[in-house]
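**Q** Chains as they are written, first to last, in this note's numbering: chain A, 1 to 229; chain B, 1001 to 1214.
Don't be surprised by glycine CBs; every beta carbon is placed ideally from N, CA and C.
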């Protein structure tokens, strides 16, 4: 059993490293997604008339809305990597466990989302004047939320991979499904920023549950979905 | 030993029967050429034999595994060259083959040898695959199959896009694979180098096998 788990972990690492290497070479996350995310933050600021008190109150929601937009872009890229020139067939024919392929793809998306979050956190401090009361809660929330977004996104990315108009279908499917992440991460950040009297850690628990459910679902469903694509 | 056995195989792509009751058999050590016009069902049959498409009706067995119940076992033991190269464009030839070997649990030591066998110049090994010429990409894709040493080679238009040296290399590769006991199935829609290689030719039209001649 330990040997199987070790092999599974090795394959997850192999696929994640592959996707991250491809992203690093293509410079999509650094060159396009991060500037896009910062631009969204700035535009939210303009839309709210750069009103400091309003921005401070709205910071958690605006931050996680931005991460949600980034998730759509990251998942679309993740799907495109496998569909271009039939590359995904390599994983399918390799005999690798579909759960490992799913885990690797989701892990790579999570790392990218976390990297974007690392840029956005100082962004909201600078642009919106946000101040963290609990940085630990903010960091744990970011990890749990990006993991949940990546798991749900990778699963739905596989669902739409075989659909002709998958680029437009993905946001329609993904955004409602990840609404609980938006709500939970926003509430937890309200606690981390001290803008609302809520127990952020209980919302982190919800994020962990959401992530676990999507990881389990993805591990089971990814094989048939890969074959369909 | 039987490598492929299809009886009345039906494959639906959506609601369209791309294979409409095909009977087809290949033994180990054979090189079978599947000939037919565009849309005859050649590529669909190769994908079915690779375990990539589900069998809707009929029976199918590849390398002793049932296509209805154990396609995953089939996929681990075949090599498929399709119209696309199945390479990651941002990764180099070596990185693609190394990934392929590690994912397939095959020793990656064979990667440089496979690239040399396919005549891919060493100076191109570190180039992103997307920046290679179509012919070089095709050679790298074939090298990926060599690394894996499959028991069944499924090659769709394997000579397409290759220069004369490349065509000879590929022909030699298939002959050696068959001599080593592997079964080779290659699909082609027009006369060419594949004709000389084949020990048997099967003609397809309309999703069925129309003729089978040695």
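Are the region 1112-1125 of chain B and the region 17-34 of chain A in contact at 8 Å, needing three or more beta carbon pairs?
**A** Counting Cβ pairs under 8 Å, fewer than three are found: no touch.
**Q** Roughly how far, in whole angstroms, is the beta-carbon of residue 152 of chain A from the beta-carbon of residue 214 of chain A, given that I think they are within contact range, below 8 Å?
**A** The Cβ separation is near 5 Å, so the contact holds.
**Q** For the alpha helix (DSSP H) containing residue 210 of chain A, list its first residue and its last residue.
**A** Start and end: 200-228.
**Q** Given that residue 1 of chain A touches chain B, what residues does it touch there, using C-beta distances under 7 Å?
**A** Result: empty, since nearest Cβ-Cβ is about 18 Å, beyond 7 Å.
**Q** Starting from the Cα of residue 1171 of chain B, find the closest Cα among B:1198, B:1189, B:1181 and B:1151 and give me that residue.
**A** When each option's Cα is compared against that of residue 1171 of chain B, the closest is B:1198.
**Q** How would you call residue 226 of chain A, buried or exposed, if buried means at least 16 neighbouring beta carbons within 10 angstroms?
**A** So residue 226 of chain A counts as buried.
**Q** Skipping 5 residues on each side, what residues in its chain have a beta carbon closer than 6 Å to that of residue 178 of chain A?
**A** Within the same chain, residue 178 of chain A has close Cβ partners 149 and 152.
**Q** Please report the straight-line C-alpha distance between residue 1191 of chain B and residue 1185 of chain B, rounded to a whole angstrom.
**A** Residue 1191 of chain B and residue 1185 of chain B: Cα-Cα distance of roughly 15 Å.
**Q** Over the uninterrupted alpha helix (DSSP H) stretch that includes residue 1027 of chain B, give me the two end residues.
**A** Careful: residue 1027 of chain B lies outside any alpha helix (DSSP H), inside the beta strand (DSSP E) at 1016-1027.
**Q** Does the distance from the C-beta atom of residue 22 of chain A to that of residue 1091 of chain B stay below 8 Å?
**A** Yes. Within cutoff.
**Q** Residues of chain A with a CB under 9 Å from the CB of residue 1075 of chain B: which are they?
**A** Chain A residues near residue 1075 of chain B: 92, 93, 94 and 95.
**Q** Please go through the same chain and pick out, in chain order, the residues whose beta-carbon is closer than 8 Å to the beta-carbon of residue 1117 of chain B, but skip the five residues on each side of it.
**A** Contacts found: 1143, 1146, 1169 and 1173.
**Q** Which word fits residue 1148 of chain B, buried or exposed, when buried means at least 16 other C-beta atoms lie within 10 angstroms of its C-beta?
**A** Buried is the call here.
**Q** Between residue 93 of chain A and residue 1099 of chain B, is the Cβ-Cβ spacing less than 8 Å?
**A** No, Cβ-Cβ distance for residue 93 of chain A and residue 1099 of chain B is not below 8 Å.
**Q** Considering only residues of the region 1037-1064 of chain B, which uninterrupted beta strand (DSSP E) runs meet the minimum length of 3 residues and lie entirely inside it, listed in chain order?
**A** Runs found: 1057-1062.
**Q** What residues of chain B sit near residue 4 of chain A, judged by a beta carbon separation below 7 Å?
**A** None at all; the shortest Cβ gap to chain B is about 13 Å.
**Q** Tell me where the alpha helix (DSSP H) around residue 141 of chain A begins and ends.
**A** 135-160 is the span of the alpha helix (DSSP H), which, as asked, contains residue 141 of chain A.
**Q** When the distance is taken between beta carbons, is residue 1130 of chain B closer than 8 Å to residue 1063 of chain B?
**A** Their beta carbons are not under 8 Å apart, which means residue 1063 of chain B does not touch residue 1130 of chain B by this criterion.
**Q** Compile a chain-ordered list of the residues in the region 1038-1050 of chain B whose CB is closer than 9 Å to at least one CB of chain A.
**A** If the cut-off is 9 Å between Cβ atoms, the region 1038-1050 of chain B has 1050 near chain A.
**Q** Locate the beta strand (DSSP E) running through residue 1162 of chain B, then write down its first and last residues.
**A** Element bounds for residue 1162 of chain B: n/a, residue is neither H nor E.
**Q** So, helix, strand or coil for residue 1106 of chain B, using DSSP?
**A** DSSP places residue 1106 of chain B in coil when its eight states are reduced to three.
**Q** Does residue 98 of chain A pass the burial test, meaning 16 or more other C-beta atoms within 10 Å, or should it be called exposed?
**A** Its Cβ being crowded by 16 or more others within 10 Å, residue 98 of chain A is buried.
**Q** Of all the CB atoms in chain B, is at least one closer than 8 Å to the CB of residue 18 of chain A?
**A** Interface residue, yes.
**Q** Could you name each continuous beta strand (DSSP E) segment of 3 residues or more that falls completely within the region 50-74 of chain A, going from the start of the chain to the end?
**A** Those beta strand (DSSP E) runs which fall completely within the region 50-74 of chain A and span 3+ residues do not exist here.
**Q** Find the nearest neighbour of residue 1015 of chain B within the set B:1081, B:1051, B:1056 and B:1032, judged by alpha-carbon distance.
**A** Of B:1081, B:1051, B:1056 and B:1032, the residue nearest in Cα terms is B:1056.
**Q** Short check: CB of residue 1046 of chain B to CB of residue 1011 of chain B, under 8 Å?
**A** Cβ distance not < 8 Å, so residue 1046 of chain B and residue 1011 of chain B don't count as in contact.
**Q** Would you call the CB atoms of residue 1166 of chain B and residue 1128 of chain B closer than 8 Å?
**A** For residue 1166 of chain B and residue 1128 of chain B, no; Cβs fall outside 8 Å.
**Q** For residue 87 of chain A, return the contacting residues in chain B, with the cut-off set at a CB-CB distance below 7 Å.
**A** In chain order: 1086, 1087 and 1088.
**Q** Can you have a look at residue 1162 of chain B and say buried or exposed, based on whether 16 or more other CB atoms are within 10 angstroms of its CB?
**A** The residue in question, residue 1162 of chain B, is buried, as its Cβ has 16 or more Cβ neighbours within 10 Å.
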